[in-house]
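Residue numbers (my numbering), protein chains in the order written: chain A, 1 to 179; chain B, 1 to 91. The structure under discussion appears below in the form of structure tokens.
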């Protein structure tokens, strides 16, 4: 791993901007090497593209898909433009459909508790960092509606549940409908 | 009897390395693809090179004899005529 970084630095010194593919278990070593070589504090962030470890046991199709998912980040780093969502060494954003599945998993407990009270929370789409969903209010277990929280507050709760697993989510918009 | 104790911590002995100026576009650039020999590095790098070729970059493949050693000077020398580079696998 550190040899890869040293090779990259050797190429940089010859005027060749270099991006490195590295498995994510080596983040600590990458940062230590960055410090040892006297590289800028943002060198790792700007020049390394992380892959999920391990890669040695993956099929070619899986490896191709890993690169496909990161090619925009590779391009951006070759051009010195760090891609949004890849800063600070975070994993690149998941595909939208995968992200939506992850978001639904994150709110599963909340959705289940709302369902007990007669409301159905569904997440419909994730576009440009905005997670959109619907709260369908059916026959509630309370007459005055106080058994479920107001929709804006619910949106904030969804955001709080989803953001730890999907940092790319910038906002949550819930549409309220009565059935 | 006396002992000499060496400090194993290492340290920085050279000035900060210079980083290369980034290009504005990938079109028509020669891209060095340096495979360090780790398992599957060739697959990952070949895919990246294939996709970057679609942007107009021209891959120049090379490899080094051991992933646990820095690339020999002659390898760096061969690739230094490229405009950009990608290497791996740190894994």
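Glycine is no exception: its CB is placed at the ideal position from the N, C-alpha and C atoms. Just so it is clear, the structure is predicted and the values come from calculations on it, not from any experiment.
### Query
Grouping DSSP H, G and I as helix and E and B as strand, with all else coil, what is residue 168 of chain A?
Looking at residue 168 of chain A - three-state DSSP - the assignment turns out to be coil, as it is neither helix nor strand.
### Query
Unbroken alpha helix (DSSP H) runs of length 4 or more, entirely within the stretch 36-101 of chain A: which are they?
Listed in chain order, the complete alpha helix (DSSP H) runs (minimum 4 residues) inside the stretch 36-101 of chain A are 43-47, 60-78.
### Query
Do three or more CB pairs link the stretch 71-85 of chain B to the stretch 6-18 of chain A at distances below 8 Å?
Touching, yes, given that three or more Cβ pairs across the two stretches are closer than 8 Å.
### Message
Less than 8 Å between C-beta atoms, sequence neighbours within five positions excluded: which residues of the same chain meet that for residue 26 of chain B?
### Response
Excluding residues within five positions, the ones whose Cβ falls inside 8 Å are 52, 55, 56, 57, 84.
### Query
Is DSSP giving residue 27 of chain A helix, strand or coil here?
Three-state result, residue 27 of chain A: helix.
### Query
Which residue from A:29, A:26, A:4, A:35 puts its Cα closest to that of residue 187 of chain A?
Since the first and last residues shown for chain A are 1 and 179, residue 187 of chain A lies out of range.
### Task
Determine which residues share a DSSP beta bridge with residue 62 of chain B and list them.
Paired residues: B:34.
### Message
Give me the DSSP bridge partner(s) of residue 76 of chain B.
### Response
According to DSSP, which records beta bridges pairwise, residue 76 of chain B is partnered with nothing at all.
### Query
If you measure from the beta carbon of residue 41 of chain A to each beta carbon in chain B, is any gap under 8 Å?
False, the Cβ-Cβ gap to chain B never drops below 8 Å.
### Query
Quick one: what does DSSP say residue 15 of chain B is sitting in, helix, strand or coil?
Coil at residue 15 of chain B, not helix or strand.
### Message
If you measure between the beta carbons of residue 51 of chain A and residue 23 of chain A, is that distance less than 8 Å?
### Response
Cβ atoms of residue 51 of chain A and residue 23 of chain A: closer than 8 Å.
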